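>
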Amino acid sequence: CLFAFAFVSFFHFLSSPDYRAVDLFDMLSWILCPLAFYALYGKIRKNISAFLFAVWFANFAVSMWQIFSGRGFVGLPDNINWQAALVLGTTPFALNYARLKLRSDREYNPALWTACITIAAFLALTLIKTKSRAAFVSLIFASILYLFLKIGNKKLFLRTALLSIFAIGCVF
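The numbering used here numbers the first residue of the sequence shown as -18 and each following residue consecutively.
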């Protein structure tokens, strides 16, 4: 998949006179991060969650600054659709990192609840502000996949998924 993406980038560069070298390197830079994760997975496996939480937090800080300064809501990617994809992709890692770092023996942990509510509220804010239909549909399917992985029982999963889809359809 990454090689196909690189091939398309090179094809556009060679076939279009308006396609500059800067554009080619910009497109190829989007390949480097997933390729680096793949190549170095064994060495960085324990730190991926922390790294993606740091990306989520940096995007959160930039997005809040943009909202309060009246500069829109495009975050680090500088594009509303990419903003929605970045938030949706990094939110599970942010939740997991918060859960691991704020774990305690108490049943009610205010720091963990505050972190989880902040992360979930930022996800909701992103879906509302960007109005990204693809991010909303992705969130629905990711939730269904999570249920499938969590429940394990196929019949129970099917009933829960169908009920969830019906409830979502009634709301919208």
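Beta carbons are placed, not taken as given, at the ideal position from N, Cα and C, and that holds for glycine. Source: prediction; values computed, not measured.
Can the beta-carbon of L83 be found closer than 8 Å to that of A75?
Not in contact: L83 and A75 (Cβ atoms no closer than 8 Å).
> Rounded to a whole number of angstroms, what is the C-alpha to C-alpha distance between F41 and A(-15)?
Spanning the two alpha carbons is a distance of roughly 32 Å.
> Nearest by alpha-carbon distance to M8: which of F(-12), N90, L126 is it?
Closest by alpha carbon: F(-12).
> Can you give the Cα-Cα distance for A102 and F147, rounded to whole angstroms?
Near 24 Å, if we compare the C-alpha coordinates of F147 and A102.
> Measure the Cβ-Cβ separation of S30 and L69 and say whether it is below 8 Å.
Their beta carbons are not under 8 Å apart, which means S30 does not touch L69 by this criterion.
> DSSP state of D156, grouped into three classes?
Since the first residue of the chain shown is -18 and the last is 153, residue 156 is not available in this structure.
> Where does N90 fall in DSSP's three states?
Residue state, collapsed to three classes: coil.
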